[in-house]
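For reference, the structure is listed below as structure tokens.
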Amino acid sequence: MYPDNKGRFGKFGGKFVPETLMNALDQLEQDYYKYRQDPNFQRELQELLTEYAGRSTPLYFAKHLTEKLGGAKIYLKREDLNHTGAHKINNTLGQGLLAKYTGKKKVIAETGAGQHGVASATIAALLGLECTVFMGEEDIKRQELNVFRMKLLGASVVPAVSGTRTLKDATNEAIRHWVEHVEDTFYIIGSVVGPHPYPMMVRDFQRIIGDETRQQYLEKEGRLPDEIVACVGGGSNAMGIFYPFIEDASVKLTGVEAAGEGVDTERHAASITKGRPGVIHGALTMLLQDQYGQVLPAHSISAGLDYPGVGPEHAHLADSNRAQYVSVTDQEALQALQELAYVEGIIPALESAHAVAHVLKIAPALPKDYGIVICLSGRGDKDMQSVMGYLGVEK
1 MYPDNKGRFG KFGGKFVPET LMNALDQLEQ DYYKYRQDPN FQRELQELLT EYAGRSTPLY
61 FAKHLTEKLG GAKIYLKRED LNHTGAHKIN NTLGQGLLAK YTGKKKVIAE TGAGQHGVAS
121 ATIAALLGLE CTVFMGEEDI KRQELNVFRM KLLGASVVPA VSGTRTLKDA TNEAIRHWVE
181 HVEDTFYIIG SVVGPHPYPM MVRDFQRIIG DETRQQYLEK EGRLPDEIVA CVGGGSNAMG
241 IFYPFIEDAS VKLTGVEAAG EGVDTERHAA SITKGRPGVI HGALTMLLQD QYGQVLPAHS
301 ISAGLDYPGV GPEHAHLADS NRAQYVSVTD QEALQALQEL AYVEGIIPAL ESAHAVAHVL
361 KIAPALPKDY GIVICLSGRG DKDMQSVMGY LGVEK
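Structure follows, in structure tokens:
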């Protein structure tokens, strides 16, 4: 099982960080191994996941979408029904509790679409922690509502004004801050990215999505699904739902990257489809970069997928051919968002709409007994201002 004792997923992962962070990461790894077996920690986490976050989330049979497409049977794993509106709360509850159990009074986080920032601000308020969220200046404009929610919850929002002023730059600022304040600050990373042990830790806190899906699908259909589809930026929702199925060779795992304006243009975020191995934010993974190894800017209609790298375990799953990774354009995601809203009365996040868009393409040609589960990672409320702009709707 991965990662190995060096934090590697095959050739990917590891710790590529300044020396000042090595001790902090080693301590975090020891703390995580200690508390994941601690009955009090696990009991408090399970209580919060159930009574605060609202788990378990339903596995919903999308009857109308299935009938309209006329092919595969489509289910939606409704992570959008979690408290704060996305899967991000699963991981922030886990890391927030770790901060509390290890005596840290301050937490920091980075965010793109704002959902991880909102979830971090939420658990900080719940647990009495001081919270600072780093967010790209461009994403602050795209996610105005979520910025207000973070501030209402008591968090400070610090704009990142370098580079493309998106998630990559917010992460850079968060890491710089952590280097300077590592003694009293816990860094809550929002995806399966960064140096070991973060990709493993975030995956473990998110695997509840896949564990529930497995049990619920068995109860409904008496067997495992044929395919699971999830959007991939950093890849936390995808890793969470994929992980409990990795050993089940009959279950096809499909990650959907953001093709933006097309993978043959310079404006996309498809780091597995068009990237190559490189180091970003402390881990070796698949990365968009130029011939000199400089990180290329990423683009997606979705702030949450607007990242030039991907979690190292996804890079390994692609490298080992255990999972396939496809891509969907901005326009296809926008159309899928509208389609799911019209047909099922569910408005997905733009991130999740990428997964829906892929299924809209493949489902009609598949047999009626072929079962697909889409991870609906978040709800679309946060994206309405952006969607109105893309659709040319006047405010």
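If you use full-length UniProt numbering, the sequence shown corresponds to residues 1 to 395, in order. Built from N, CA and C at the ideal position, the CB exists for glycine as well.
Excluding five sequence neighbours on each side, which residues of the same chain lie with their C-beta closer than 7 angstroms to the C-beta of residue i?
| i | result |
| --- | --- |
| ALA62 | ILE74, TYR75, LEU76, GLU344 |
| VAL179 | PRO18, THR20, LEU21 |
| LYS105 | LEU129, GLU130, ASP184 |
| GLU221 | GLY371 |
When DSSP builds the beta bridges, which residues end up paired with residue i?
| i | result |
| --- | --- |
| ARG252 | Correcting the residue type first, residue 252 is Lys in the shown sequence and not Arg. BP columns for LYS252 point to GLU227. |
| GLU180 | DSSP, once it has assigned bridges, lists no residue as partnering GLU180. |
| GLN289 | VAL295 |
| SER236 | Answer is none; SER236 lacks a bridge partner. |
| LYS106 | GLU130, THR185 |
| LYS77 | LEU59, CYS375 |
| PHE67 | The sequence given here has Glu at residue 67, not Phe. Beta-bridge pairing links GLU67 to no other residue. |
| ALA113 | Beta-bridge pairing links ALA113 to no other residue. |
Between the options, which lies nearest to residue i when the distance is taken from Cα to Cα?
| i | options | result |
| --- | --- | --- |
| GLN216 | VAL295, GLN338, ASN146, LEU59 | LEU59 |
| GLY282 | ARG322, VAL193, VAL232 | VAL193 |
| HIS268 | PRO277, ALA258, GLY275, LEU127 | ALA258 |
| ALA121 | PHE41, ILE188, PRO195 | ILE188 |
| MET1 | PHE245, ALA53, ASP383, GLY114 | PHE245 |
| TYR35 | LEU21, LYS6, GLY94 | GLY94 |
| THR273 | ILE374, ILE280, HIS314 | HIS314 |
| GLY233 | LYS220, ILE280, LEU305 | LEU305 |
| THR265 | LEU25, SER300, GLU221, MET239 | SER300 |
| LEU253 | GLY260, ASP26, LYS168, ASN237 | ASN237 |
| GLY240 | LEU218, ASP211, LYS220, PRO225 | ASP211 |
| LEU350 | ARG203, CYS231, ILE374, LYS220 | CYS231 |
| HIS116 | VAL157, GLU219, LEU224 | VAL157 |
Quick one: using the 10 Å Cβ neighbour count with 16 as the cut-off for buried, is residue i buried or exposed?
| i | result |
| --- | --- |
| TYR325 | buried |
| MET388 | exposed |
| ARG142 | buried |
| MET384 | exposed |
| THR20 | exposed |
| GLN206 | buried |
| LYS382 | buried |
| PHE12 | buried |
| ASP80 | buried |
| SER302 | buried |
| ASN146 | buried |
| LYS88 | buried |
| THR132 | buried |
Just confirm the distance between the C-beta atoms of residue i and residue j, as a whole number of angstroms; I'd bet it's less than 8 angstroms.
| i | j | result |
| --- | --- | --- |
| ASP248 | GLY10 | Not really, about 19 angstroms apart at Cβ, beyond 8 angstroms. |
| VAL256 | VAL229 | 6 angstroms |
| HIS83 | GLY114 | About 15 angstroms; that fails the 8 angstroms criterion. |
| LEU287 | PRO312 | In fact, because the Cβ distance is near 10 angstroms, the residues do not count as touching under 8 angstroms. |
| GLY380 | LEU337 | 6 angstroms |
| PHE186 | TYR101 | 10 angstroms between Cβ atoms; not a contact. |
| ALA357 | VAL328 | 4 angstroms |
| THR92 | ILE123 | 5 angstroms |
| ALA323 | ALA353 | Wrong, their Cβ atoms sit about 20 angstroms apart, outside the cutoff. |
| PRO195 | LYS15 | 4 angstroms |
Looking only at its own chain, which residues have a Cβ that is under 8 angstroms from the Cβ of residue i, when we skip the five neighbours before and after it?
| i | result |
| --- | --- |
| GLU137 | PRO159, ALA160, VAL161, ARG165 |
| PRO277 | LYS11, PHE12, LEU284, THR285, MET286, LEU287, ALA315 |
Tell me which residues share the same chain as residue i and place their Cβ nearer than 6 angstroms to its Cβ, disregarding the 5 neighbours each side in the sequence.
| i | result |
| --- | --- |
| GLY154 | ALA125 |
| LEU69 | ALA363, PRO364 |
| ARG78 | THR57, PRO58, TYR60, LEU376 |
| SER386 | ARG142 |
| TYR32 | PRO197, MET201 |
| GLU110 | PHE134, ALA170, THR171, ALA174 |
| LEU340 | ILE346, PRO348, VAL356 |
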